[in-house]
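Report on one structure; see the data block that follows.
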Amino acid sequence: MKAAVGDRLVVEGTYNNEPRRIGVIMELRRPDGSPPYVVRWVETERETLVFPGPDAHVVTKQEREAELAAL
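For what it's worth, my numbering labels the leading residue of the sequence shown as 24, then goes sequentially.
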């Protein structure tokens with residue numbers, strides 16, 4: 024997994040009724056864009072250091088813009 028500042032980290036709910044969590048990557052701890060990331064969670068605006076698991080994926084700024092353009 025690779026990311027850049029401003030990308031979104033999406034963590035899918037892994038248990039029943041657990042909601043999807045979306046955060047904005049605020050800081051990279053490694054120059055190659057690999058985890059861990061400092062993430063600001065959209066819902067709570069809290070920042071945490073995240074080591075993403077297999078239930079997480081990155082949505083880049085370009086992917087978000089392409090999705091909006093398709094609407």
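A virtual CB, placed ideally from N, CA and C, is assigned to each residue, including glycine.
Problem set entry | Rounded straight-line distance, which links the Cα of Glu-41 to that of Arg-139 | Residue coverage of the chain in this structure runs from 24 to 94, which leaves residue 139 outside it and unanswerable.
For this session: Indicate whether Val-123 and Glu-70 have their beta-carbon atoms separated by less than 8 angstroms.
Result: Outside the displayed range of the chain (24 to 94) lies residue 123, so it cannot be described from this structure.
For this session: Helix, strand or coil for Glu-90, going by three-state DSSP, please let me know.
Result: Looking at Glu-90 - three-state DSSP - the assignment turns out to be helix.
Problem set entry | For Ala-79, the residue or residues it bridges with in DSSP | Per DSSP, Val-34.
Exercise. Candidates Leu-91, Glu-90, Leu-94 and Leu-72: which alpha carbon is nearest Leu-32's?
Worked result: If we check each option's Cα against that of Leu-32, Leu-72 comes out closest.
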